[in-house]
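Single-structure report; data block below.
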Amino acid sequence: GAVVSQHPSRVICKSGTSVKIECRSLDFQATTMFWYRQFPKQSLMLMATSNEGSKATYEQGVEKDKFLINHASLTLSTLTVTSAHPEDSSFYICSAGRGQETQYFGPGTRLLVL
Amino acid sequence: ILNVEQSPQSLHVQEGDSTNFTCSFPSSNFYALHWYRWETAKSPEALFVMTLNGDEKKKGRISATLNTKEGYSYLYIKGSQPEDSATYLCAPPQGGKLIFGQGTELSVKP
Chain S
6 GAVVSQHPSR VICKSGTSVK IECRSLDFQA TTMFWYRQFP KQSLMLMATS NEGSKATYEQ
66 GVEKDKFLIN HASLTLSTLT VTSAHPEDSS FYICSAGRGQ ETQYFGPGTR LLVL
Chain D
-8 ILNVEQSPQS LHVQEGDSTN FTCSFPSSNF YALHWYRWET AKSPEALFVM TLNGDEKKKG
52 RISATLNTKE GYSYLYIKGS QPEDSATYLC APPQGGKLIF GQGTELSVKP
């Protein structure tokens, strides 16, 4: 299957700072990438669909000004958590694929906001 | 949003045991069902994509069946091994995206 990397794997930051997470498809061109968040003991919750060269589509309840997504190339999408607060602490994971087809996941990023 | 339920939430078995768990989803407007396996500290890995009622797919000791009329899929693992320990997720697509169940966390003790 395709390989997707995610960086960093773990980040600790102070409240009020912004954190950028990168998601890269290493061996294929991904026109669409997805960003998920996982709360403890819960499922993967889709936050937004990232489309190369256009604006991301956010799911209901996800603040677009809080979670900035940029998909400037066919191999890279970034998620920036702006002015992070402790409640933003979570596990964030990206995937690449075509909508309803098989998606290829990165290994995830554990964010802890102090 | 689709309601996807997986049961049990967690399962502890001994090495060599066979096991199975369930994914339930709305049967109307069925398109496909994905199964993923997610080992700790690794990326979720696609196992199967199932599309036809009565489908049965197999990958090594893991197999899955699909009943689209009643809205469920079973995942079976024959002769569980410690390396099968993982969370198994199912996901039917809706509106161009995958809707994940909560997962079944399987732990296989040697």
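In order, the protein sequence lines correspond to chains S and D. For the first sequence, the positions run 6 to 119 when my numbering is used. For the second sequence, the positions run -8 to 101 when my numbering is used. Every residue gets a Cβ at the ideal spot worked out from N, C-alpha and C, and that includes glycine.
Original post:
Can you find a C-beta in chain S that's less than 8 Å from the C-beta of D/HIS3?
Top reply: Taking 8 Å as the CB threshold, D/HIS3 stays off the interface with chain S.
Subject >> At least three beta-carbon pairs within less than 8 Å, the segment 92 to 109 of chain S to the segment 42 to 52 of chain S >> reply: Contact holds: three or more Cβ-Cβ distances are below 8 Å.
**OP:** Mind reading off the beta-carbon distance from S/THR85 to S/SER30? Whole number of angstroms is fine, and I expect it under 8 Å.
**Re:** Not a contact, Cβ separation roughly 19 Å.
**OP:** Could you tell me whether any Cβ in chain S is nearer than 8 Å to the Cβ of D/ALA37?
**Re:** Using beta-carbon distances, D/ALA37 counts as an interface residue toward chain S, with a partner under 8 Å.
Original post:
Residues bridged to D/ARG28 by DSSP?
Top reply: In DSSP, D/ARG28 forms a bridge with D/GLU36 and D/TYR79.
Subject >> CB contact flag (S/GLN108, D/LEU89, <8 Å) >> reply: For S/GLN108 and D/LEU89, yes; Cβs fall inside 8 Å.
Original post:
Quick one: is D/GLY86 buried, meaning 16 or more other Cβ sit within 10 Å of its Cβ, or exposed?
Top reply: Label assigned to D/GLY86: exposed.
**OP:** Can you give me, in chain order, the residues of the segment 23 to 52 of chain D that have a beta carbon less than 9 Å from any beta carbon in chain S?
**Re:** Cβ contacts with chain S come from ALA23, HIS25, TYR27, TRP29, ALA32, LYS33, SER34, PRO35, GLU36, ALA37 and VAL40.
Subject >> Cβ-based burial, D/ALA77 [other Cβ within 10 Å; buried from 16] >> reply: Burial call: buried.
Subject >> Selected residue, minimal CA-CA separation from D/ASN20, among D/VAL99, D/SER(-2) and D/PRO83 >> reply: Taking the Cα of D/ASN20 as reference, the smallest distance to any Cα among D/VAL99, D/SER(-2) and D/PRO83 is reached at D/PRO83.
Original post:
Roughly how many angstroms separate the alpha carbons of D/PHE16 and S/SER78, rounded to a whole number?
Top reply: Taken atom to atom, the span from the alpha-carbon of D/PHE16 to that of S/SER78 is near 35 Å.
**OP:** Starting from the Cα of S/ARG103, find the closest Cα among S/PRO13, S/ASP32 and S/PHE39 and give me that residue.
**Re:** The shortest C-alpha separation from S/ARG103 is found at S/PHE39.
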